[in-house]
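**Q** First the structure, which I've put down as structure tokens, then a few questions once you've had a look.
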Amino acid sequence: FLGAGGMGAVYLADDEVLAAEVALKLVGPGLAGTTGGLRRLRDEVLLAQQVTSPHVCRTYDLEEVDGLWL
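Take the sequence shown: its letters are residues 1 to 70, numbered as in this note's numbering.
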């Protein structure tokens, strides 16, 4: 567990495909289950993909798994 904020909780994880440590954000159904919440999450991903800074994590994907958005 790395931390939590308004959209969900963030965990340190190992990406076995990329062979790298990644930050994994889990967004619960309370936020992602609404049209506005899902739109906000999608907009955050699109904006984060445009940022290139050593101080900002890269965003690679947005997926739903068992009712949670990752």
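The beta-carbon is built from N, C-alpha and C at its ideal position, and this holds for glycine as well.
Taking the alpha-carbon of Leu-38 as reference, which of Gly-5, Glu-21 and Leu-62 has the nearest alpha-carbon?
**A** Here residue 38 corresponds to residue number 38 of the sequence shown, with the count starting at 1. If we check each option's Cα against that of Leu-38, Leu-62 comes out closest.
**Q** Note down the Cα distance separating Gly-3 from Gly-30, rounded to an integer number of angstroms.
**A** Against the sequence shown, residue 3 aligns to sequence position 3. Against the sequence shown, residue 30 aligns to sequence position 30. Looking at the two C-alpha atoms, the distance is approximately 18 Å.
**Q** Gly-8 and Gly-28 look like a contact to me (Cβ under 8 Å); what is the Cβ gap, rounded to whole Å?
**A** For the purposes of this step, residue 8 is taken as residue 8 along the sequence shown, with counting starting at 1. For the purposes of this step, residue 28 is taken as residue 28 along the sequence shown, with counting starting at 1. Sure, about 6 Å apart at Cβ, within 8 Å.
**Q** Going by beta carbon distance, what residues of the same chain come within less than 7 Å of Asp-14, once the five residues before and after it are set aside?
**A** For the purposes of this step, residue 14 is taken as the residue at position 14 of the sequence shown. Answer for Asp-14: Glu-21, listed in chain order.
**Q** Can you give, in chain order, each stretch of the beta strand (DSSP E) that sits fully within the stretch 3-37 and has at least 3 residues?
**A** Runs found: 9-15 and 20-26.
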